[in-house]
Amino acid sequence: MDQYVLVLNCGSSSIKFAIIEAKTGTAPLHGLAENLCTASSRLVFSYQHKEHDVKLPVNTDHQQALVVIAKKLKQFKHLSQKIVAVGHRVVHGGETFTHSSLINDQVKQAIQQTSLMAPLHNPANLAGINSAQTSYPHLPHVAVFDTAFFQTMPKHAYLYALPYELYQQHNIRRYGFHGTSHYFVAHEAANALKKELSACNLITAHLGNGCSIAAVRKGKAIDTSLGFTPLEGLVMGTRCGDIDPSLPTYLIEQLGYSVSEVSELLNKKSGLLGISELSNDCRIIEQQANDGNQQAQLALDMFIYRLVKYIGAYIAVVGPLDALVFTGGIGENSAYVRENTINQLTHLGLQLDPDKNLQMRFGQSGLISHTHSKPIFAIATNEEWVIAKDTIKYAQ
Ligand code: ADP
Numbered sequence: 020m021d022q023y024v025l026v027l028n029c030g031s032s033s034i035k036f037a038i039i040e041a042k043t044g045t046a047p048l049h050g051l052a053e054n055l056c057t058a059s060s061r062l063v064f065s066y067q068h069k070e071h072d073v074k075l076p077v078n079t080d081h082q083q084a085l086v087v088i089a090k091k092l093k094q095f096k097h098l099s100q101k102i103v104a105v106g107h108r109v110v111h112g113g114e115t116f117t118h119s120s121l122i123n124d125q126v127k128q129a130i131q132q133t134s135l136m137a138p139l140h141n142p143a144n145l146a147g148i149n150s151a152q153t154s155y156p157h158l159p160h161v162a163v164f165d166t167a168f169f170q171t172m173p174k175h176a177y178l179y180a181l182p183y184e185l186y187q188q189h190n191i192r193r194y195g196f197h198g199t200s201h202y203f204v205a206h207e208a209a210n211a212l213k214k215e216l217s218a219c220n221l222i223t224a225h226l227g228n229g230c231s232i233a234a235v236r237k238g239k240a241i242d243t244s245l246g247f248t249p250l251e252g253l254v255m256g257t258r259c260g261d262i263d264p265s266l267p268t269y270l271i272e273q274l275g276y277s278v279s280e281v282s283e284l285l286n287k288k289s290g291l292l293g294i295s296e297l298s299n300d301c302r303i304i305e306q307q308a309n310d311g312n313q314q315a316q317l318a319l320d321m322f323i324y325r326l327v328k329y330i331g332a333y334i335a336v337v338g339p340l341d342a343l344v345f346t347g348g349i350g351e352n353s354a355y356v357r358e359n360t361i362n363q364l365t366h367l368g369l370q371l372d373p374d375k376n377l378q379m380r381f382g383q384s385g386l387i388s389h390t391h392s393k394p395i396f397a398i399a400t401n402e403e404w405v406i407a408k409d410t411i412k413y414a415q
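According to this note's numbering, the stretch in the sequence shown is residues 20 to 415, in order.
Put into structure tokens, the structure is as follows:
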């Protein structure tokens, strides 16, 4: 029998939801409640490709939105009756969660305890869990963590070279994020290579608004670019990635920034947006660069240069490479970013097939490398499907 899972992703101001068939990954219904707790709260969802738009009362909060969502879903009886479990995306699992977990009071307490390290995300995830448990009291609820895939990293990769007691007493270390996406595309790449994941050395690059890269040795993550928070590493839409750690103190002490202004600057005003002074949207940047805007071109050059450096570093540590994978909105769609990245890596045995590269976009997945190259894939990520499959696995 078909087993459907309600997958929930509660952000600080939105709830993404989908009903997923766990075996095939098909999603007959998916939607978004957005602008929660504002005057323009709304709910949009698509069922069998038909769009529905529901205006929510002013200041609808997460709990109220989930009640409306549950009510709407009930209207599609034949589907909602087949929901056997609810899967929750949880951003931070700290060191407690090395895999997904059936939610009970202890699990909720542990998620609460990691909230300090993900203050924008974990409280919203937890609020979503509590509300959904009220709406679906008889179904098992499972938490799937963004950080879990990276819990296999060795200590020399996840520790910062800071006093050791900061790790022991305050859990300060690299955690990594986007784990479900990296896991999904690594798995898909192994399938495409007709190998067990446990036999594959892979580099997976998730390039969306947030960007991260992972080194996967024999199927297990051994390093990743996002760190204690999702700010380190690659250049992102609005996030700076790697900078000299002294810069925040310089901004505060010499330029008069407040702590919250520095945080805002690094998280929301940097990256592609900060350099281009135009947009965080890679499509707009590519268009503007094409039209001769030099700052847009510089933003792209920096984005690509940082990516090339990380791929080079991970080729060094991952062992004989079986494949490189691009995913995320930019990784799946931008032939320009892929081409200009790989063109700087030909001396490391990577070469694109220009035609395949140009054609690969809009949710397609496949090989984009030249026959002489190590395999390079663009793979459409599907985090919801991973959540649905794990939910079935851990719901027992
Ligand atoms: P999120 O991290 O919010 O899930 P996505 O994975 O959807 O983001 O990626 C969003 C990014 O993908 C944006 O920068 C967008 O410009 C980029 N993108 C989407 N389509 C294309 C395209 N055809 N060419 C270049 N960039 C694209």
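Ideal Cβ placement from N, Cα and C applies to all residues, glycine included. Given the structure is predicted, the values throughout are model-derived calculations rather than measurements.
| Item | Value |
| --- | --- |
| Give me every residue whose Cβ sits closer than 5 Å to any heavy atom of the ligand ADP, in chain order. | G227, N228, G229, D300, C301, R302, G347, G348, I349, N352, S353 |
| Tell me whether the beta-carbon of N190 lies closer than 8 Å to the beta-carbon of G252. | no |
| When DSSP labels each residue in this structure, what does V77 get in the three-state scheme? | coil |
| Report yes or no: do the region 180 to 194 and the region 312 to 327 share at least 3 C-beta pairs separated by less than 8 Å? | no |
| Hey, out of G338, I232, Q383, P249, whose CA is closest to K328's CA? | I232 |
| For I262, does the count of other Cβ atoms within 10 angstroms reach 16, so buried, or fall short, so exposed? | exposed |
| Okay, do the region 139 to 155 and the region 197 to 210 touch, 3+ Cβ pairs below 8 Å being the bar? | no |
| Could you name each continuous beta strand (DSSP E) segment of 3 residues or more that falls completely within the region 222 to 248, going from the start of the chain to the end? | 230 to 236, 239 to 243 |
| Over what stretch of residues does the alpha helix (DSSP H) that includes N352 continue unbroken? | 347 to 352 |
| Taking the beta strand (DSSP E) that E296 belongs to, which residues open and close that run? | That residue, E296, is in no beta strand (DSSP E); it is neither H nor E in DSSP. |
| Please classify G256: is it buried, with 16 or more other beta-carbons within 10 angstroms of its beta-carbon, or exposed? | buried |
| Tell me where the alpha helix (DSSP H) around H97 begins and ends. | 96 to 99 |
| Nearest by alpha-carbon distance to I411: which of C230, E296, R236, K42 is it? | K42 |
| What do you get for D409, buried or exposed, if any count of 16 or more other CB atoms within 10 angstroms of its CB means buried? | buried |
| Under three-state DSSP, which class holds S265? | coil |
| Scan the region 373 to 403 and note each continuous beta strand (DSSP E) run of 3 residues or more that stays entirely inside, going in chain order. | 395 to 397 |
| Using the Cα positions of L291 and L297, report the straight-line distance between them to the nearest angstrom. | 8 Å |
| Is the beta carbon of L216 closer than 8 Å to that of G238? | yes |
| Under 7 Å Cβ to Cβ from K74, same chain only, skipping five residues before and after it: list those, please. | R61 |
| Might you give, ordered along the chain, the residues of its own chain that have their beta carbon closer than 6 Å to the beta carbon of P170, omitting 5 neighbours on each side? | Correcting the residue type first, residue 170 is Gln in the shown sequence and not Pro. Taken in chain order, the residues that qualify are T117. |
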